[in-house]
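Numbering follows full-length UniProt numbering, in which position 411 of the sequence shown is assigned residue number 411; successive positions increment by one, without gaps.
Just so you know, even glycine gets a beta-carbon here, dropped at the ideal spot from N, CA and C.
Here is the structure we will look at, set down as structure tokens.
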Amino acid sequence: MRTGHRRAEVSPRVVRLKVSAFQTKKCKKSSAVCWRGSLISGLLVYVDPSSLVLARFFFSLVGASMFLVKPLRRGSLTSSASTLTNSRFTLPGALELGSASSRFGRSTPSAYLSSRSSSQAAAPPELPLEIGKSEILTLKEHESCCVESRINDNLVPASEQLAEDEADSGKEDNTESKAENSSEENNVISGLPATKPGEKPRIVVLGTGWAACRLMKDLNSNVCDIVCISPRNHMVFTPLLASTCVGTLEFRSVAEPIARIQNALSKSPNSYFFLGRCVSIDPQKHEVRCVAEENGSQKSESTTAFAVPYDKLVIASGAQALTYNISGVHENAIFLREVSDAQNIRKKLLLNLMLSDIPGTSEEEKRRLLHCVVVGGGPTGVEFSGELSDFIKRDVHQRYAHVQNYIHVTLIEAREILSSFDVGLRVYAIRHLTKAGVKLVKGVVKDVKPGYITLSDGSKVPYGLLVWSTGVGPSDFVRTLELPKSRDGRIGVDENLRVPGFEDVYAIGDCAGFVESVGKPVLPALAQVAERQGKYLARELNRIVKAGGGYASSTVTVEGPPFEYHHLGSMATVGRYKALVDLRQSKESKGVSWAGFLSWLVWRSAYLTRVISWRNRFYVAVNWATTFVFGRDISRI
């Protein structure tokens with residue numbers, strides 16, 4: 001047990017002497033000696049601050065008296081005054097002298113001994129003496145008494161001490177460098193031990209998207225342990241993400257905490273959620289290696305990584321936005337896939353509105369700031385354009401009347417907008433968006449620069465806000481994995497969503513696609529596809545675990561039916577209480593499709609029931625009602 005202590009401080013008017021005694025009976029004698037030494041030293045400095053050298057002599061006596069109480073074990077040498085200054089522990093009664101003048105009018109030098117930072121207590125260069133070589137003297141632990149103290153052995157001239165300091169510091173540097181090298185070699189620390197006989201099998205899930213969350217929701221935590229690894233601790237309800245960009249919904253309404261989806265992650269002793277990103281998979285050792293995440297971004301290389309062994313591994317890491325290798329997209333455009341993306345869009349939009357209203361802003365600059373360009377005519381791009389046009393018509397015209405004539409929306413698409421929808425619905429969407437003030441441009445983006453984009457025909461389009469929504473493709477993580485790949489670069493899976501040739505490894509969601517040997521087309525990267533795959537795989541894994549085949553390299557084989565996907569249709573809103581509903585199972589098949597206000601009611605009802613928790617359903621309903629009555633919130637927070 002470390003001894004408590006206080007320090008005597010010298011101020012311009014009052015010198016306060018603070019002493020303390022050891023709190024254990026074993027050290028009673030030493031405590032008395034230290035108390036007297038502290039008292040004498042403090043009185044010496046109180047009378048004459050220049051008598052600090054004599055005070056040090058009493059400190060040495062105090063330290064030597066410690067030998068009379070218990071045997072001492074010598075520790076590592078520290079040889080510089082700065083080391084002693086920065087130490088975490090000082091002797092009881094240690095002095096801390098300020099730079100202010102004493103009560104007798106004499107100037108008091110800077111602190112010689114201090115436990116504060118070196119910036120607050122650095123030894124001045126004009127001092128004739130420096131603290132000599134110090135030793136850490138530690139009492140052996142007996143019962144609950146352990147005293148750690150630092151004492152001065154001698155006082156030597158500064159010139160002689162400097163050579164010793166350099167020699168000792170060189171030794172310390174070598175020791176520290178060896179320790180650093182050793183830590184780098186062992187920077188991968190096993191976060192969890194492998195499953196032992198008698199324990200429940202461990203299923204490791206990479207990701208918190210639609211597929212991963214539906215999988216974890218349906219997994220039976222009574223027969224298996226679940227470990228989820230993802231850079232975010234929530235699921236994003238992507239169909240309503242565009243509504244959060246303009247204030248129709250609040251951001252928390254579309255974010256579902258993963259602990260609410262699978263309670264075992266927060267309650268079961270052997271189920272965990274790790275905020276991190278998987279960097280590699282070792283199928284031979286049945287483990288994944290990950291790095292921790294901080295503030296949503298990957299840490300530096302010096303960050304300690306961790307490895308998690310698995311019995312069954314499910315890769316559901318999702319996909320990333322396609323940029324088609326167009327320069328400047330990542331630097332200047334904002335994607336719409338995460339809650340943080342929606343927050344950035346909302347902040348940028350409101351900032352441009354306020355900047356354009358500042359006196360002195362030119363007409364050309366106002367038009368550029370308030371020109372919102374959306375690249376990509378899929379459901380996400382069309383829904384965002386519709387929400388943005390509705391926001392302009394209803395809210396901007398009422399609250400930013402000075403610049404209402406400058407704000408415009410342009411939607412750029414290389415082919416046809418909403419190409420997966422019925423032709424009649426596409427025509428309706430084009431007519432409604434044009435009427436709402438959205439300019440539709442058919443073209444290909446060639447280059448993106450700050451403030452403008454260049455199309456393939458050479459024309460330049462200025463912008464103040466650029467939203468990129470051109471579909472998704474395999475992520476960088478998926479590309480680095482040495483696993484079978486589908487035709488479009490995703491992780492290849494068989495008809496049971498297993499990765500061929502890799503035991504106990506599965507892949508679902510946007511990162512997975514059927515291999516060519518299956519003979520099935522690659523499914524589109526849709527939320528309903530990912531959710532169906534998660535539901536199917538959860539049912540299969542529950543059955544495998546109950547049959548005794550849930551452990552790594554288990555010889556128990558359980559064959560199940562292949563995964564079959566049936567498309568339920570598509571929906572999209574185009575703003576201003578209008579939406580599209582297409583219930584065809586494919587582009588070639590026939591089915592029911594309609595558009596208008598009734599479709600908008602169906603769209604809202606369907607997605608309100610698809611929100612996972614009742615808590616978020618209530619949030620969504622309240623936000624919709626609030627927006628309808630009071631309008632959208634335009635606060636820039």
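In chain order, I315, I491, V493, L497, V499 place their CB closer than 7 Å to the CB of A507, counting only its own chain and leaving out the 5 sequence neighbours on each side.
In this structure, the alpha-carbon of G548 lies about 10 Å from that of V223.
The count of Cβ pairs closer than 8 Å, one atom from the region 208-217 and one from the region 527-534, reaches three, so the stretches are in contact.
Here the region 375-393 lies against the region 429-439, with 3 or more beta-carbon pairs under 8 Å apart. DSSP, read as helix, strand or coil, puts L523 in coil. Remark: C-beta atoms of L418 and A606 do not approach each other more closely than 8 Å.
The beta carbon of E199 lies closer than 8 Å to those of D225, N270 in the same chain, with the five residues before and after it left out.
The alpha helix (DSSP H) runs of length 4 or more contained entirely in the region 373-460 are, from start to end of the chain, 379-391, 423-435. Of R346, T361, L322, E363, the smallest CA-CA separation from C372 is found for R346. The alpha helix (DSSP H) runs lying completely inside the region 277-359 and spanning 4 residues or more are 329-332, 339-356, given in chain order.
The region 532-544 makes contact with the region 555-564, as at least three CB pairs between them are under 8 Å. Minimum Cα-Cα distance from P257 among the listed residues L483, I281, A414, F273 corresponds to F273.
Residue range 225-230 is occupied by the beta strand (DSSP E) that includes I229, with no alpha helix (DSSP H) assigned at that position. Distance between A321 and K449, taken at the CA atoms: about 19 Å. As for any beta strand (DSSP E) of minimum length 3 sitting wholly inside the region 476-505, the runs are 491-493, ordered along the chain. About 3 Å separates the Cβ atoms of A538 and D218, confirming a contact at the 8 Å cut-off.
Comparing alpha carbon positions, the residue from L192, G451, R214, F251 closest to N623 is F251. Here V611 is near V620, since their CB atoms are less than 8 Å apart.
Bounds of the beta strand (DSSP E) holding I203 are 202-206.
Bridge pairing for H234: P257 [DSSP]. Assignment of Y272 by DSSP, reduced to helix, strand and coil, places it in the strand class. Non-local beta-carbon contacts of A194 in its own chain, meaning distances under 7 Å to residues more than five positions away in sequence, involve P309 in chain order. Going by DSSP, F514 is part of the beta strand (DSSP E) stretching over 512-514.
By the Cβ criterion, the region 458-466 is not in contact with the region 474-484, since fewer than three pairs of Cβ atoms, one from each stretch, lie closer than 8 Å.
Here L215 carries a helix assignment [DSSP, helix/strand/coil].
Annotation for E287: A307, V308, P309, Y310 place their beta carbon closer than 7 Å to its own, counting only its chain and skipping 5 residues before and after. Setting aside the 5 residues that flank it on each side, L353 is surrounded in the same chain by Y400, each with a C-beta closer than 6 Å to its C-beta; the list follows chain order.
Relative to the Cα of E387, the nearest Cα in the group V409, K196, Q404, R368 belongs to V409. As the crow flies, the alpha-carbon of R543 is around 24 Å from that of Q284. Each residue's CA atom was taken as its position, placing S266 and M235 some 16 Å apart. CA-CA distance, R487 to V472, rounds to 15 Å. Per the coordinates, the alpha-carbon of E559 lies some 14 Å from the alpha-carbon of E503.
Taking a C-beta distance under 8 Å as the contact criterion, L583 and S593 qualify as a contact pair. Measuring C-alpha to C-alpha distances from K348 to each of V423, E293, V246, L411 identifies V246 as the nearest.
For T626, the three-state secondary structure derived from DSSP is helix. Rounded to whole angstroms, N332 and L541 show a C-alpha spacing of 43 Å.
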